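> Quick note: to get our numbering, add 167 to the position in the sequence shown (first position is 1).
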Amino acid sequence: MRVGKLRWLASVLLACVQWIVPDNCSEWTDAMSAELTDIDSDSEAVRFALGCIWAAFVIAGQGDHDDLPGQGGPLQNITEGWRRNPRTIGLTCGLSSIALGIAYLTVAGAPFRYIVVNFFAAVIGVGCFVATNKGANRSRRMTRGVFFGLASFLLGATIFGVAADGASRWLRVGSMTLQPSLILVPAMVVAFSQRRSVIATVSIILVACALALQPDRAMAGVLAGGMIFLAVKVRDRLATAAAGFAMAGFCVALYRPDSLPAVPYVDRILFTAFDLSLAAGCAVVLGAGLLMLPGLLMRTADHEALNAYRIHALVWLAIVAAAAIGSYPTPLVGYGGSAIVGYFLSLALLPTPLASAAFAGSAATNTKEEHREDNPPIDSVRGRLVAVCVGAFGIRTNHRLATRGS
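#1: Do the segment 365-373 and the segment 493-506 meet, that is, are 3 or more Cβ pairs less than 8 Å apart?
#2: Which residues share a DSSP beta bridge with Val340?
#3: Going by DSSP, name the residue or residues bridged to Asp403.
#4: On the DSSP letters alone, give me the boundaries of the beta strand (DSSP E) that Val329 sits inside.
#5: Which residue marks the beginning of the alpha helix (DSSP H) containing Asp442, and which one marks its end?
#6: What does a CB cutoff of less than 7 Å around Ala485 pick up in its chain, not counting 5 residues either side in sequence?
#7: I need the DSSP call for Ala277, collapsed to helix, strand or coil.
#8: Quick one: is Val184 buried, meaning 16 or more other Cβ sit within 10 Å of its Cβ, or exposed?
#9: Between Met459, Gln361, Phe417, Arg336, which has its C-alpha nearest Leu517's C-alpha?
#10: Around the Cβ of Asp541, are there at least 16 other Cβ atoms within 10 angstroms (buried) or fewer (exposed)?
#11: With DSSP run on the structure shown, which of helix, strand or coil describes Pro496?
#12: Cα separation between Asn519 and Leu473?
#13: Please report the residue range of the alpha helix (DSSP H) in which Pro382 lies.
#14: With distances taken between CB atoms, is the gap from Ile265 to Asn285 smaller than 8 Å?
#15: What are the residues that DSSP puts in a beta bridge with Ala334?
#16: Using only the alpha-carbon positions, how far apart do Phe526 and Val356 sit?
#17: Using the beta-carbon count (16 or more within 10 Å), is Gly218 buried or exposed?
#18: Classify Ile492: buried if its beta carbon has 16 or more other beta carbons within 10 angstroms, exposed otherwise.
#19: For a test of the three-state rule: what should DSSP assign to Ser178, helix, strand or coil?
#20: Roughly how many angstroms separate the alpha carbons of Trp337 and Thr204, rounded to a whole number?
#21: Please state the DSSP three-state secondary structure of Val365.
#22: Would you kindly work out how many angstroms separate the C-alpha atoms of Trp483 and Leu437, rounded to a whole number?
#23: Would you call the segment 456-464 and the segment 395-406 touching, i.e. three or more CB-CB distances under 8 Å?
#24: Buried or exposed: Leu453, going by 16 or more other Cβ atoms within 10 Å of its Cβ?
#25: Helix, strand or coil: which one does DSSP assign to Ala415?
#26: Between the alpha carbons of Ser210 and Leu181, how many angstroms are there, rounded?
#27: Which one of Trp221, Gly268, Ala216, Thr196 has the shortest CA to CA distance from Tyr432?
#28: Roughly how far, in whole angstroms, is the beta-carbon of Ser335 from the beta-carbon of Gly328, given that I think they are within contact range, below 8 Å?
#29: If you drop the 5 nearest sequence neighbours on each side, which residues of the same chain put their C-beta closer than 8 Å to that of Thr344?
#30: Which residues in the same chain as Asp425 place their Cβ atom closer than 7 Å to its Cβ, once the five residues preceding and following it in sequence are excluded?
#31: Here's the rule I'm using: 16 or more other beta-carbon atoms within 10 Å means buried, otherwise exposed. How should Tyr422 be labelled?
#32: Measuring only the C-alpha atoms, how far is Phe146 from Ala488?
#33: Could you give the residue range of the alpha helix (DSSP H) that holds Ala515?
#34: Whose C-alpha, out of Leu349, Tyr495, Ile350, Val419, is nearest the C-alpha of Pro138?
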């Protein structure tokens, strides 16, 4: 077996498979690794690894329903797998958006470190998603302590963070500058749509205050839009209170001056990419549009899960719209790791509605089994004898009635 750059790439791609598939597929991944060593051509090895990646996404999309045999063609089975686990659609869309963004940054001549930062942010974001996806039996909802802790962190970052031109919405980590609101606000909005409490509502109010103090009109508008949508859908007092404070924070953020200039390769690239070429502009717009796809394609009778997916789509639509209107970061397709980590984190907190449906179906099956145990079926031989006796009795009765009538 030759060792080269393509062979190394095939090995890396195959190593990613074990991050995507469930834990019970370890024997399958070991078989793929053994198969890769028997392939002499490096290009064939890469094609084989890409095929394994595609198969891994199909298996991950099937989720906990691997016992259901596919009845249609390959494309239909893939679609059904994604429908059963719609978060896999979000994972695919997020990775596609990042790839399109890296392609744009390369063509636009952005510094190479921008591409490196986006790549490693994608690795961290996918790690958050996979870590949550592995724990399928654990709740993906934020606890009250986590809610309050994240809100307090965001408020502290506003007060003690890095300031520029009157705005204070960043934290410096080594040589990198992060925007905590892009990481935390989408995830907190999605989590609040599934679990509301007094502490969670207070946390949302603290977040609204932090965004008003920064000021960050984009994320304040995202928070207000998500809370208003939720309040209309669930008609809950806590959601209504959170929506009122979020709207007040958005109004304060609009009132305060925000005159930050546009940053190259970060802000307003939805328009400037078309100055580079039509293909670059279309790639950026397509990459931004893919972020809303999981929420738009979601179909379920679980209203709580449906609200969470719709809010996820609304949040990222608002972030993209803010990037188109003002000098705010364009998520995933532009330079910046905060939005990348924030997207996968919010995606990881989305529910898997069909898991609850499967639980209900299992409960119904158990109820039927208990009914059968309480009312055992008649033995097959005894049943046949009873049927024969009843039939003979019926024939004899009909014969007597017919004889008397004649």
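Each residue gets a CB set at the ideal place from its N, CA and C atoms; glycine is no exception. Computed from a prediction, not measured in an experiment: that's the story for all the values here.
Quick look at the numbers:
#1: no
#2: For Val340, which the question treats as bridged, DSSP gives the partners Met343.
#3: Paired residues: none, contrary to the question.
#4: For Val329, the enclosing beta strand (DSSP E) starts and ends at 329-331.
#5: 436-443
#6: Gly388, Val389, Gly392
#7: coil
#8: buried
#9: Gln361
#10: With a pLDDT of 45 at Asp541, under the threshold of 50, the modelled position of this residue cannot be trusted; read the value that follows with caution. It counts as exposed.
#11: Note: Pro496 maps to strand in three-state DSSP.
#12: This sequence places Thr at residue 519; Asn is not what is there. In a straight line, the C-alpha of Thr519 is about 10 Å away from that of Leu473.
#13: First-last for Pro382: undefined, no H or E at that position.
#14: yes
#15: Ala331
#16: Confidence is the limiting factor: at Phe526 the pLDDT is only 39, short of 50, which leaves the residue's position unreliable and the question unanswerable from this model.
#17: exposed
#18: exposed
#19: Here Ser178 sits in helix by DSSP.
#20: 47 Å
#21: helix
#22: 15 Å
#23: no
#24: exposed
#25: helix
#26: 14 Å
#27: Gly268
#28: At roughly 5 Å, the Cβ-Cβ gap stays under 8 Å, so Ser335 and Gly328 are in contact.
#29: The residues are Val329, Trp337, Leu338.
#30: Ala334, Pro382, Arg384
#31: Exposed, by the Cβ-count rule.
#32: This structure does not reach residue 146, given that the chain is present from 168 up to 573, and the question cannot be answered.
#33: Residues 504-515.
#34: A query on residue 138 cannot be resolved here, the shown segment of the chain reaching from 168 to 573 and no further.
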